[in-house]
Structure formats: C-alpha cells, structure tokens
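First comes the structure, then the notes that go with it.
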Amino acid sequence: MKFNCLPPSIVFQEVPNEISLCFSVSGCKVACTGCHSTELWNADYGSHLSNKSFINWLTKYQNLISCVIFFGGEWQAKALIEKLLIARNLGLKTCLYSGQKHIDISISEHLNFLKTGPWQSALGGLESITSNQVFRDIKTGEKLNHLFIKNHHSNLLKGVNNVAA
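Heads up: the sequence shown begins at 948 in my numbering, then just goes up one per residue.
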C-alpha cells in the first residue's frame, strides 16, 4: 500500500508555538461522522509520498518550519515512522493528529506532540472545553488542550478573579 497524501501546507494553529508543514495522509479508517476531509478515507487519494519526496519538501521549507505534522498515517506505521525519523534527524519537531484513542508506542516514541480522539461534533474539537480529543506533549505527558481554547488567558484570569472574590 502506498503512503498517499495531499500536497503539504504550512499551518500555524495545529501545534501551539510552532510553524508546521502538514501532510494529510489518505486511507483513514476512523471515518468520523461530520469529517471535513472524507476524501482522505480513500487510500488511493492524493499522491505517493516517498522518503525522497518527503526530504525534498522538508529541504524546500527548512528555514521556515519548526515542526512536521501528519494528519493520519498511523495505519501505515512503518512508512510513518520512517518519515518521523527523517524529520527528527533534520532537527524538526513531530506531531500526529489521529482519530484513534490510542497510538502504538512504536509511533509515539518518535513524536513531540500527539492529538488523539475521533471528531464528535456534539463535543467539538480542541478549541472546545467539552472536546473528547486530547493534545499532548509526549515528552512531559502534559495535556495542552487549554492552548487551543479561544481567550484561554482571559478565561484563566476570570477563574482567578472568581476565586479571589
């Protein structure tokens, strides 16, 4: 099976404090209700991302990005791990967005950040305080969802003010 994906894009919000090159991998088996990228369910969608072409993309953006993020790809662990190792060897941080609840350690040991959990429209995404999705710093284990919630600084201050009152 080919490791197919869409052409990458530079993203700013998916990994806090990082400028990331994002690869959306096709072949997703989670098939969340309300998915905004149903075309990625088809494993043949997009183009094959060889290690050589991946290195070419990273070289092209080497001084502009600090992180590489994959939207999916855990269903092809070997190919994903190869790319994570390439990115880390080039000094980049790595992240995986997965609809799964748990990711195999053979993948997560090569990540700096991991988002897990299927999209559930009633609960919202990472920007929602009710989200079932979790974004973690893998090294510390810290849950970083609060960084995605709009006005989280003012909400924290409101909480402090309410406690002080």
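The beta-carbon is built from N, C-alpha and C at its ideal position, and this holds for glycine as well.
Sequence-distant partners of isoleucine 1033 (beyond 5 residues in either direction) whose C-beta falls short of 8 Å from its own C-beta, in its chain, are Asn998, Phe1001, Ile1002, Leu1005.
Exclusion of the five residues before and after leucine 1043 leaves Phe1017, Leu1058, Leu1061 as the residues of its chain whose Cβ lies within less than 6 Å of its Cβ. In the pairwise beta carbon analysis, the segment 1034-1053 is classified as touching the segment 1006-1015: at least three pairs are separated by under 8 Å. Residue pairing of phenylalanine 950 in beta bridges, as defined by DSSP: absent, with no partner found. When the five nearest sequence neighbours on each side are left out, the beta carbons in the same chain lying within less than 8 Å of the beta carbon of glutamine 1023 are those of Met948, Phe950, Val972, Gly974, in order along the chain. Just measuring C-alpha positions, the residue of Cys969, Asn964, Leu996, Glu965 sitting nearest proline 955 is Cys969. Exclusion of the five residues before and after isoleucine 1085 leaves Ser1055, Leu1058, Asn1059, Phe1060, Leu1061 as the residues of its chain whose Cβ lies within less than 7 Å of its Cβ. Check the Cα spacing between phenylalanine 959 and each of Gly1046, Gly981, Val1015: the tightest is with Val1015.
Excluding the 5 residues flanking it on each side, valine 962 has same chain C-beta neighbours closer than 7 Å at Cys1014, Ile1016, Cys1042, Phe1060, in chain order.
Here DSSP, grouped into helix, strand and coil, assigns phenylalanine 1082 to strand.
In this structure, the straight-line span from the alpha carbon of tryptophan 988 to that of glycine 1019 is close to 10 Å. Annotation: the continuous beta strand (DSSP E) that includes leucine 968 extends over 967-971. Under the DSSP definition of a beta bridge, lysine 1025 lacks any partner. Contact between threonine 1077 and glycine 1071 is confirmed by a C-beta separation of about 6 Å, below the 8 Å threshold.
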